[in-house]
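See structure below.
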Amino acid sequence: MAASGFKRWIVVITTVSAAILELIDTSIVNVGLTQMAGNLGVTIEDISWVVTSYAIANVIIIPMTGFLQNYFGRKTYYIGSIILFTVASYLCGIADNLWMLVAFRFLQGIGGGALLSTSQGIMYDAFPPSQRAIASALFGMGIVMGPTLGPTLGGYIIDNYHWSWMFFINVPIGILAVFLCTTFVEKQPYEFNIDRSKIHIDQIGILLLAVGVGSLQYVLERGEADDWFDDHTILYLTIVAAIAIPLFLWWELKTKSPVMDLRVVGRNRNLAIGSILVFIIGYGLFTSILLFPLFAQRIVGYTATKTGNILIPGGAVALIMFPVVGRSMASGVSPRIFAVLGYLAFILFCFMMSNLNADAGERDFTWALLVRGMGLAMINAPLINQSISTLKPQELPTGIAFTNMVRQLGGAFGVAITNTYIAQRSAVHRSDLVSNLQPGDALTTDRLNAMAQSLAARGVNALDSVTGAYRNLDAIISKQALMISYLDTFRLAGLFFVVTLPLLFLMQNKKMDPAAAKAAADAAH
């Protein structure tokens, strides 16, 4: 039964905040890795485990949320997950060595995994059938705002406070969320008398899922840093993933009570196609959030705080657009129209970014990020709506969990592809740039002489000034090669969207009738 008035909006604020918290923590630590590494006395490669452990825990638990909600009850599971997330956040903040921090981040990821799918189901229950599209839009807002706010908030904390506050900030919000959920979120009828003896636990499916998806996530997160298959761990875990994931798919299609009913995906065209598109959105969302800060800080020279502040206008546009899109769909506008417009906007964003250079100013970035904000607002909720619009009520929890897992994997693939592609393209461009520096070339000689004279004017002796000039020229070439590789990577992301755009027109353009929408919402627990 839908909530009303004040209670409904308390539920909305609570669930969207919980979803944003979970997604912020996928990206907030990225801008603080250098400070964390120095404080804990470890290398940048070691501290990246703080990101990897959270992502692995997240991608393992998300597809199991439907089963866990049925077993423990949605409200109990949701509150328990918020408590785990909050306690783990505090423990992360007080951790005084790397492996304690990594372990607590893993626990935080386990708790955070429920804050997506479960929040979405609770949100749907708070709205009457005629306003489900608004619920989708509000939840989609949280999906986009989380990764966008992460670097902004993280940059501000790193520039002004200790890194531990990136975790402590979750504690009061988590405590408030527990209180609000306890007070305002209602249990579903089935939650009052759960007979767990009749619920089959798919132990083999859970094991294969954890091993297969966890191994895959590790490979994607650590592959570039560890030289891919030159590293034995990456090689072995790739083999493990290549065996466990097909076995998981086979087992889930074979067993009578699967932890994730993949037959739903196989027999539903909208969900199957929608999952591919959601994967691309995850790729685009996380890649753009990774690429923009790198470009702004390493090429243009912005601080972490300034980089984060530039993201705010685009996020504000998304905030404004989400309810507009939701209300428009609720009034009968086809979700496909918004999805196509969102896709086109993201393509435009990628190619706008691919035409910038080291002289780009705030206005250039702001315009591109405004386009991105509008695009993400128009594509997330409509695509989720279309993906689940043809599901039966009892199939909705699987559909929601599957799309959330796919989006996370899309982000992981995006980060892996981006890091690898940047490294490869940077090497290629550096080689091309160096090949243009011919011995005796007048322009090169003049540039080196000017740099040497500049160093000499600052008191550097003649020999060291010449050596310094060559070193400075090498740094300029490396920076130019890196910048061009970033531009190439934005073009690659745009190309992924161009290639998958036609899939939107293969989805059935169906609007859920009110009765089906209500039944579907009731099943989203």
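Heads up: the sequence shown begins at 2 in the numbering used here, then just goes up one per residue.
Beta carbons: idealized from backbone N, C-alpha and C, even for Gly.
Problem - Euclidean distance between Cα positions of V407 and I277 - result: Position 406 of the sequence shown holds residue 407. Position 276 of the sequence shown holds residue 277. Take the alpha-carbon of V407 and the one of I277: they are about 8 Å apart.
Handout entry: Limits of the unbroken alpha helix (DSSP H) element including S289
Key = As a working note, residue 289 is residue 288 in the sequence shown. Start and end: R270 to L295.
Practice task
Can you give me the start and stop residues for the alpha helix (DSSP H) that D365 sits inside?
Solution key: Along the sequence shown, one-based indexing puts residue 365 at 364. Unbroken alpha helix (DSSP H) run through D365: E363 to I389.
Problem - G151 versus N98, I205, I29 and D160, residue with shortest Cα-Cα distance - result: Looking up residue 151 in the sequence shown gives position 150. Of N98, I205, I29 and D160, the residue nearest in Cα terms is I29.
Practice task
Confirm, please, whether the CB-CB distance from A482 to S427 is below 7 Å.
Solution key: On the sequence shown, residue 427 is found 426 positions in, with the first residue counted as 1. On the sequence shown, residue 482 is found 481 positions in, with the first residue counted as 1. Closer than 7 Å, so yes.
Practice task
Grab me the residues of W50's own chain with a C-beta within less than 6 Å of its C-beta, minus the 5 sequence neighbours each way, in chain order.
Solution key: Taking the sequence shown and counting its residues from 1, the one referred to as residue 50 is at position 49. Around W50: V103.
Practice task
Closer than 6 Å by C-beta to A58: which residues in its own chain qualify, once you throw out the five before and the five after it? Chain order, please.
Solution key: Walking along the sequence shown from the start, residue 58 turns up at place 57. Only F107, G110 and I111 meet the Cβ criterion.
Handout entry: Environment of Q509 [buried if 16+ CB atoms lie within 10 Å]
Key = By one-based count along the sequence shown, residue 509 stands at place 508. Q509 should be labelled exposed.
Handout entry: Three-pair Cβ contact test at 8 Å for the region 334-342 versus the region 382-393
Key = yes
Problem - Which of helix, strand or coil DSSP assigns to N405 - result: As a position in the sequence shown, residue 405 is number 404, starting the count at 1. Helix at N405.
Exercise for the section: Measure the alpha-carbon distance for A382 versus K255 and round it to whole angstroms. Expected result: Within the sequence shown, the letter at position 381 stands for residue 382. Within the sequence shown, the letter at position 254 stands for residue 255. When rounded, the distance between both Cα atoms is 32 Å.
Practice task
Assess, as a yes-or-no matter, whether the region 258-277 is touched by the region 315-332 under the definition of 3 or more beta carbon pairs within less than 8 Å.
Solution key: no
Handout entry: Alpha-carbon spacing of T16 relative to I176, whole angstroms
Key = Your numbering for residue 16 matches position 15 in the sequence shown. Your numbering for residue 176 matches position 175 in the sequence shown. Rounded to the nearest angstrom, the two C-alpha atoms are 13 Å apart.
Handout entry: With 16 other Cβ atoms within 10 Å as the buried cut-off, status of F293
Key = As a position in the sequence shown, residue 293 is number 292, starting the count at 1. Burial call: buried.
Handout entry: Three or more C-beta pairs below 8 Å linking the region 345-365 and the region 487-507
Key = yes
Handout entry: Euclidean distance between Cα positions of D97 and Y91
Key = Position 96 of the sequence shown, counted from the start, is the residue given in the question as residue 97. Position 90 of the sequence shown, counted from the start, is the residue given in the question as residue 91. If you take the alpha carbons of D97 and Y91, they lie about 12 Å apart.
Problem - Buried or exposed (CB count within 10 angstroms, at least 16 for buried), Q425 - result: Mapped onto the sequence shown, residue 425 falls at position 424. Answer is exposed; the Cβ neighbour count stays below 16.
Problem - At least 3 beta-carbon pairs within less than 8 Å: the region 410-421 vs the region 281-299 - result: Because the criterion of three Cβ pairs below 8 Å is met, the region 410-421 and the region 281-299 touch.
Handout entry: Sub-7 Å separation of W164 and Q36 beta-carbons
Key = As a working note, residue 164 is residue 163 in the sequence shown. As a working note, residue 36 is residue 35 in the sequence shown. Yes; because the gap between Cβ atoms is below 7 Å, this pair is in contact.
Exercise for the section: Indicate the three-state DSSP secondary structure (helix, strand or coil) for A525 in the structure shown. Expected result: On the sequence shown, position 524 is the one that residue 525 refers to. Reliability of the predicted coordinates at A525 is poor, the pLDDT of 36 falling under 50, and no value is obtained from them.
Exercise for the section: Give a yes or no on contact between the region 369-381 and the region 224-238, applying the rule of three or more CB pairs nearer than 8 Å. Expected result: no
Practice task
Could you pull out every residue in the same chain whose Cβ sits closer than 6 Å to the Cβ of W166, ignoring the five residues on either side in sequence?
Solution key: Translated into positions along the sequence shown, residue 166 becomes position 165. The residues are I158.
Problem - Nearest-angstrom Cα separation, counted from V172 out to A243 - result: Here residue 243 corresponds to residue number 242 of the sequence shown, with the count starting at 1. Here residue 172 corresponds to residue number 171 of the sequence shown, with the count starting at 1. Cα to Cα, the separation comes out at about 39 Å.
Handout entry: As assigned by DSSP and simplified to three states, the class of Q189
Key = Within the sequence shown, the letter at position 188 stands for residue 189. Reduced to three states, the DSSP call for Q189 is coil.
Practice task
Taking 7 Å as the cut-off, decide whether the C-beta atoms of E253 and G206 are in contact.
Solution key: On the sequence shown, position 252 is the one that residue 253 refers to. On the sequence shown, position 205 is the one that residue 206 refers to. Yes, Cβ-Cβ distance for E253 and G206 is below 7 Å.
Exercise for the section: With a cut-off of 8 Å on the beta carbons, I'd call L291 and A245 a contact; round off their distance for me. Expected result: Along the sequence shown, one-based indexing puts residue 291 at 290. Along the sequence shown, one-based indexing puts residue 245 at 244. No, L291 and A245 are not in contact; Cβ-Cβ is about 27 Å, not under 8 Å.
Handout entry: Separation of A369 from N271, as counted between CA atoms
Key = For the purposes of this step, residue 271 is identified with residue 270 of the sequence shown, where counting begins at 1. For the purposes of this step, residue 369 is identified with residue 368 of the sequence shown, where counting begins at 1. Rounded to the nearest angstrom, the two C-alpha atoms are 31 Å apart.
Practice task
Out of S466, A361, S486 and V88, point me to the one whose CA is closest to S432's CA.
Solution key: If you number the sequence shown from 1, residue 432 lands on position 431. If we check each option's Cα against that of S432, S486 comes out closest.
Exercise for the section: Report, in whole angstroms, the separation of the C-beta atoms of Y78 and A115, which I expect to be a contact under 8 Å. Expected result: Mapped onto the sequence shown, residue 78 falls at position 77. Mapped onto the sequence shown, residue 115 falls at position 114. The beta-carbon distance between Y78 and A115, rounded to whole angstroms, is 6 Å. This is short enough to meet the 8 Å contact definition.
Practice task
Let me know the secondary structure DSSP gives G206 once reduced to three states.
Solution key: Along the sequence shown, read from residue 1 onward, the residue named residue 206 stands at position 205. Note: G206 maps to helix in three-state DSSP.
Exercise for the section: Please report how far the alpha carbon of R75 lies from the alpha carbon of V88, in whole angstroms. Expected result: Counting from 1 along the sequence shown, the entry for residue 75 is found at position 74. Counting from 1 along the sequence shown, the entry for residue 88 is found at position 87. Here the C-alpha atom of R75 lies approximately 20 Å from the C-alpha atom of V88.
Problem - 6 Å Cβ shell around I62 - same chain, five flanking residues per side excluded - result: For the purposes of this step, residue 62 is identified with residue 61 of the sequence shown, where counting begins at 1. So the qualifying residues of the chain are I111 and G114.
Handout entry: Burial state of F1 (16 or more Cβ within 10 Å)
Key = One cannot answer for residue 1 here, as it falls past the ends of the chain, which runs 2 to 526.
Problem - Inter-residue Cα distance where the pair is A178 and S82 - result: The residue you call residue 178 lines up with position 177 of the sequence shown. The residue you call residue 82 lines up with position 81 of the sequence shown. So the two alpha carbons sit approximately 11 Å from each other.
Handout entry: Span of the alpha helix (DSSP H), counted from its first residue to its last, around P64
Key = As a working mapping, residue 64 is identified with position 63 in the sequence shown. First-last for P64: undefined, no H or E at that position.
Handout entry: Secondary structure of D489, DSSP reduced to three states
Key = Within the sequence shown, numbered from 1, the residue matching residue 489 stands at position 488. Helix, per DSSP.
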